[in-house]
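Asker:
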Amino acid sequence: MSLPSPPLPTLIPSLLLTSQHALSRGQQLCTHAHGLTLRSADLVLAALEGEARERWGRGALEGGLEGAGGVVKALGARRGKVLEEIRKWDILRDEATEALDSQLDRMAHMLVPPSMYALRRDGEAEGVDPFDEGEAEEDAVDGSGLETSAGSRDAGSSVGGRTKGGRNGKGGEGDRSRWKNLRDFVDEREVDELVERMEQDRTVLDEALRSPDVPTPHALTSALAHLRSSLPAPRPPLTPTLHALLSQQEDLTSTLSIALESLTTHYEQMQHADSDVRAGIMLEKEDVEVLVRDTQEVGPILEELEAATGQVALVGERLREAAGQRGDGAVEGAWEGLERIRMGMQDLAEHIAVIEETTAAILPVLNAHLAGVNSLQAHFQEVERAYHALVLEMARRAASREHAHGMIRELEAQLDAWRAEESRDREVFMEEAGEWLPEGLCPGMADPPERWDVRPAGLESGVDLPEDLVLALIRKSTA
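The working numbering numbers the first residue of the sequence shown as 280 and each following residue consecutively.
Okay, here's the thing in structure tokens:
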């Protein structure tokens with residue numbers, strides 16, 4: 280059994296009031312949703328602007344990193360070129376000084392017999408201070424009556440002030456530990472002074488290269504690589520996401536608009552019905568039932584409006600989240616790092632300019648020193664060659680002198696035989712005719728024949744050379 284319906288004068292105003300409240304609530308929800316869409320539009324514009332700014336900033340930063348890498352590479356090439364020039368000079372310096380060391384070492388191992396530099400005790404030995412009583416007391420006399428000097432350089436010397444070569448000990452020609460060596464007869468002060476000047480000028484380059492506060496090209500390259508790797512991966516573009524969210528928001532706005540239009544239409548219908556009732560116009564039962572049914576649907580429409588408004592708010596939050604992903608400061612921090620690298624590049628460029636200027640000024644001086652070292656090595660090589668020639672020449676002269684002595688001995692033997700024969704002939708003459716010769720006539724006829732003594736016109740200083748020394752040089756010269 281159904282309940283009786285309230286009379287129309289009461290029902291219609293009640294339905295009108297319900298419809299009015301629903302329309303007011305719907306308008307509030309739509310106004311709120313409209314405000315959300317406006318804020319969403321602002322977020323979209325800000326997000327797109329931030330994305331464009333980030334894309335431009337990242338592109339400019341990557342271009343700056345690439346350009347900085349090229350500059351660092353060029354600076355490294357300039358620095359490497361200077362270092363390569365210095366390295367090549369160091370190699371030439373080492374080769375030249377090693378050759379000079381080897382030359383002096385060979386001379387230090389070439390023994391010089393005392394007879395080649397010492398005089399008899401009534402004279403002074405070459406290279407020996409006659410006022411050095413201590414050394415004079417240590418002098419010894421060899422078998423040929425020649426002095427030997429006790430002062431000899433050590434045989435292990437090398438360029439740069441290392442020990443000289445020679446031997447210490449006592450004895451004559453038989454004790455070779457007291458002999459001088461060929462190096463004892465050259466003045467190495469020029470070598471020491473030249474090497475000292477060369478090392479001082481080389482130190483100027485080391486001081487120019489030494490700069491701990493200036494980053495190296497390797498350090499700058501590593502910093503650029505670290506900065507490049509610290510950049511986050513490029514984010515996917517926002518446009519598809521924003522487009523999807525805006526499309527969803529547009530659909531929700533359309534839903535809100537349709538729902539609000541339904542509430543507005545229903546409210547207008549209720550206003551017309553209320554006006555008719557107030558005017559005394561009777562409504563058809565079917566029309567009243569439609570008005571009641573439409574009023575009952577107001578609640579679901581409001582629920583739909585609230586749900587759509589919530590969805591609009593959710594879309595706005597998603598837009599805010601998408602926009603918030605931009606501008607995290609990584610690119611700005613990378614720009615600061617790139618600026619620090621740029622300052623380091625400037626310091627390196629200034630440092631390389633100083634190195635290039637110093638190298639251009641010092642290398643010609645160092646090359647001149649190097650030419651001096653090579654000249655000294657060639658000079659000492661000629662001294663060695665001349666000493667070899669001297670020993671061989673003295674050996675040749677000794678052999679020639681011995682040949683002359685042999686000729687003199689043969690001549691003396693012939694003269695002795697002639698004198699003996701001449702003496703016999705004179706004795707026979709005197710026996711046969713001597714007593715008959717008047718006194719005072721050729722009184723010297725009884726004298727013996729003259730005695731011949733063959734002597735050199737001048738004295739030539741002779742040198743006693745050990746046979747093994749001469750043979751060694753002969754083998755070396757014929758090798």
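No residue lacks a Cβ here, since even glycine has one placed at the ideal position from N, Cα and C.
Note that the coordinates shown come from a computational prediction; the quantities given were computed from them, not determined experimentally.
1. If you follow the alpha helix (DSSP H) that F659 is part of, which residue opens it and which one closes it?
2. Quick check on L750: does DSSP put it in helix, strand or coil?
3. To the nearest angstrom, how far is it from the Cα of L535 to the Cα of A587?
4. Check the DSSP bridge columns for K352 and list the partner residues they point to.
5. Helix, strand or coil: how does DSSP classify L484 here?
6. So the alpha helix (DSSP H) R507 belongs to, where does it begin and stop?
7. May I ask you to report which of helix, strand or coil DSSP gives V391?
8. In angstroms, rounded to a whole number, what distance separates the CA positions of A683 and N646?
9. Nearest to A640 by alpha carbon, out of A301, R304 and E364?
10. Drop a sphere of 10 angstroms on the beta-carbon of L598, count the other beta-carbons inside from all chains shown, and report buried for 16 or more, exposed for fewer.
11. When the Cα of V465 is compared with those of A387, S541, V577 and A751, which residue comes out closest?
12. Taking its Cβ as the centre, do 16 or more other Cβ atoms sit within 10 Å of L655, making it buried, or is it exposed?
13. According to DSSP, what are the bridge partners of K459?
14. Taking just the CA atoms, how far does T518 sit from R337?
15. Give the straight-line distance between the Cα atoms of A301 and P292, rounded to the nearest whole angstrom.
16. Does the beta-carbon of S707 have 16 or more other beta-carbons within 10 angstroms, so that it is buried, or is it exposed?
17. Alpha carbons only, please: which of A601, L290 and V361 is nearest the one belonging to L521?
18. Rounded to the nearest angstrom, what separates S303 and S319 at their Cα positions?
19. Taking just the CA atoms, how far does G651 sit from V742?
20. Classify Y396 as helix, strand or coil using the three-state DSSP reduction.
21. Do V571 and L294 count as a contact pair if the criterion is CB distance below 8 Å?
22. V644 and D480 - do their beta-carbons sit closer together than 8 Å?
23. By DSSP, does G589 sit in helix, in strand, or in coil?
24. Can you list, in chain order, the residues of its chain whose CB lies under 7 Å from that of L750, leaving out five sequence neighbours each side?
25. Please list, in chain order, all residues of the same chain as L649 whose beta carbon is under 7 Å from its beta carbon, the five residues on each side excluded.
26. Sorted by chain position, which residues of the same chain lie with C-beta nearer than 7 Å to A378's C-beta, five sequence neighbours on each side aside?
27. If G595 and L315 are in contact, beta carbons under 8 Å, what's the gap, nearest whole angstrom?
28. Hey, L308 and E585: beta-carbon distance below 8 Å or not?
29. With a CB to CB cut of under 8 Å and the five nearest residues on each side skipped, what residues in its chain are close to G448?
30. Hey, would you say I620 sits closer than 8 Å to L510, going by beta carbons?
31. Considering only residues of the same chain and omitting the five flanking positions on each side of G348, which have a CB-CB separation below 6 Å?
32. Among R754, R664, A665 and P735, whose alpha-carbon lies nearest the alpha-carbon of M686?
33. Once DSSP output is grouped into helix, strand and coil, what is the label at V594?
34. I'd like to know whether the C-beta atoms of L362 and E663 end up nearer to each other than 8 Å.
Answerer: Put simply:
1. A609 to A712
2. helix
3. 7 Å
4. Paired residue(s): none; K352 is not in a bridge.
5. helix
6. P496 to S509
7. strand
8. 54 Å
9. E364
10. So L598 ends up on the buried side.
11. Selected option, being the one with the closest Cα: A387.
12. With 16 or more other Cβ atoms within 10 Å, it is buried.
13. V391
14. Each residue's Cα considered, the two are about 18 Å apart.
15. 14 Å
16. Checking the sequence shown, residue 707 turns out to be Val, not Ser. Taking all protein chains in view, the Cβ of V707 is surrounded by fewer than 16 other Cβ atoms within 10 Å, so the residue is classified as exposed.
17. A601
18. 24 Å
19. V742 and G651 have their C-alpha atoms some 35 Å from each other.
20. coil
21. yes
22. yes
23. In the structure shown, G589 sits in a helix (DSSP, three-state: H, G or I).
24. none
25. The beta carbon of L649 lies closer than 7 Å to those of L371, R372 and A375 in the same chain, with the five residues before and after it left out.
26. Q656
27. 5 Å
28. yes
29. With a pLDDT of only 37 at G448, under 50, the local geometry of the prediction cannot be trusted, and the value read off the model is given with reservation. Once the five neighbours on either side are set aside, the close Cβ partners of G448 are D454, S456 and R457.
30. no
31. L503
32. Selected option, being the one with the closest Cα: P735.
33. helix
34. no
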